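Here's the structure, in structure tokens; my notes come after.
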Amino acid sequence: MSRIGKLPIPVPAGVDVTIDGRTVAVKGPKGSLSHTIAAPIDIAKGEDGTLLVTRPNDERVSKALHGLSRTLVANMITGVTAGYSKALEISGVGYRVQAKGSNLEFALGFSHPVLVEAPEGISFKVENPTKFSVEGIDKQKVGEVAANIRKLRKPDPYKAKGVKYAGEVIRRKVGKAGK
3 MSRIGKLPIP VPAGVDVTID GRTVAVKGPK GSLSHTIAAP IDIAKGEDGT LLVTRPNDER
63 VSKALHGLSR TLVANMITGV TAGYSKALEI SGVGYRVQAK GSNLEFALGF SHPVLVEAPE
123 GISFKVENPT KFSVEGIDKQ KVGEVAANIR KLRKPDPYKA KGVKYAGEVI RRKVGKAGK
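Just so you know, we're using our numbering here: the sequence shown kicks off at 3 and counts up by one.
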């Protein structure tokens, strides 16, 4: 058995899980999410209010999808109860961010400001002009939006200017030696 896949998924109070064929729908205090489980994997409700993910055989594909399916459903439950957040920082002279309604406007050294619109289910929180976070209930969407924002101005290896994740260590390079 998969080490991760064999673990039961606890369902906290206030979360409603509906299994309809291959589709798992999770509804909680922060919203609702649904996901279609891959073909060889089965999911069922346990006696003690948990969810159990099982695979029919030990084929390579089944083993690979077993732990993945369990983790995706567990992430959905965490998302509708606590939500997910990804913190980002901006470093560099004149680089800043500000909230424009539900969107973000960046000054990143271009000749124009860069506007990032919030996709459905995602919200932005600006702490100060150099720190902000991406929040939502879908872990994959939060990470994707954060990665797309980081891609606007990746951290420079020489001066470490740009958009980076909070706590990310940028590998620095030594500049060319002067005469």
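For glycine and all other residues, C-beta sits at the position ideal for the given N, C-alpha and C.
Since we're looking at a predicted model, the values are computed, not measured.
Contact annotation: V82 and V55 have beta-carbon atoms that are not nearer than 9 Å. Segment contact: the segment 121–139 against the segment 30–37, three or more CB-CB distances shorter than 8 Å; contact assigned. When DSSP assignments are scanned along the segment 25–70, the uninterrupted stretches of beta strand (DSSP E) that are 3 or more residues long and fall wholly within it turn out to be 25–30, 33–38, 44–47, 52–56.
With a contact defined as Cβ atoms closer than 8 Å, T52 and P10 qualify at about 4 Å.
One thing to note: E91 has its Cβ within 9 Å of the Cβ of V165. If you compare the alpha carbons of N105, T80, V19 with that of E119, the shortest gap goes to N105. Assigned with DSSP and collapsed to three states, R152 falls in helix. Annotation: I39 to V28 spans about 13 Å, alpha carbon to alpha carbon.
Taking 9 Å as the cut-off, the Cβ atoms of K163 and G111 count as close. With 16 or more neighbouring CB atoms inside 10 Å of its own CB, S71 falls in the buried class. Counting only residues of its own chain and dropping the five nearest sequence neighbours on each side, D18 has a CB closer than 7 Å to the CB of K29. Per DSSP, the continuous beta strand (DSSP E) segment holding I92 begins and ends at 86–93.
Of K88, V95, G94, V116, the smallest CA-CA separation from A101 is found for V116.
Excluding five sequence positions before and after A148, the CB atoms of its chain that fall closer than 8 Å to its own CB belong to K88, L90, V136, Y167, given in chain order.
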